[in-house]
Amino acid sequence: MDVRLIGIVAIGGALGAVLRYSIPSLLPVNYGLSNTIIINLIGSLLLGILFGAISAGLDIGEETTLLIGTGILGAFTTMSTFALESIELLRENELMAVMYIFISVFGSIFLAFLGYSIMDNLVQ
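Heads up: the sequence shown runs through residues 53 to 176, numbered per my numbering.
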C-alpha cells in the first residue's frame, strides 16, 4: 500500500465526514425528508459525475479519484444510517419505510446514472 494514497483518502474522508455532519444544520428543520436521503442522493449524483467524466476520457488522476470518490464521497454518504433508519421506520410505519427504502435505493441509482450520463455526454 502507498502511504501517500492512504493519506489522500484520509484527508478526503475527514472532509466528507465534516460535510456529512454539517448538512443537517444547513437544511430547514421540517422539510419532510430524511437528511440521510438527501446526503445519499447528492453523493450518488456526484460520484456518477466523477466516474462519467473519467469514462468520457477526462484526465482525472488516481489521487483525485481517491480524494473525491473514496475519501470525500465515501465518508459523506452513509449506508449504515440508511439501514438503521429503515429499521426504525419499519417499526413505526411500514408504508413510509417502503417509500424511504425505494427512494434511497432507486433514487441513488438513478442519480448516479444521470450524473454519469451527463458527464459522459458533455465531455465527449
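The beta-carbon is built from N, C-alpha and C at its ideal position, and this holds for glycine as well.
Source: prediction; values computed, not measured.
Between Val55 and the set Leu118, Thr88 and Ile161, the nearest pair of CA atoms involves Leu118. In the DSSP assignment, Thr88 falls within the alpha helix (DSSP H) that extends over Asn87 to Ser107. A straight-line Cα-Cα distance of about 14 Å links Glu140 and Met131. The beta carbon of Ser156 lies closer than 7 Å to those of Ile89, Asn92 and Phe134 in the same chain, with the five residues before and after it left out.
Contact between the region 160–171 and the region 98–105 is present: 3 or more CB-CB pairs across the two stretches fall below 8 Å. Around Ile120, the same chain offers Gly64 and Leu102 as residues with beta carbons nearer than 7 Å, after the five sequence neighbours per side are excluded. In chain order, Ser160, Leu163 and Ala164 place their CB closer than 6 Å to the CB of Ser96, counting only its own chain and leaving out the 5 sequence neighbours on each side.
An exposed status is given to Arg143, since fewer than 16 other beta-carbon atoms sit within 10 Å of its beta-carbon. By the neighbour-count definition (other C-beta atoms within 10 Å, threshold 16), Gly123 is a buried residue. Each residue's CA atom was taken as its position, placing Ile60 and Glu146 some 41 Å apart.
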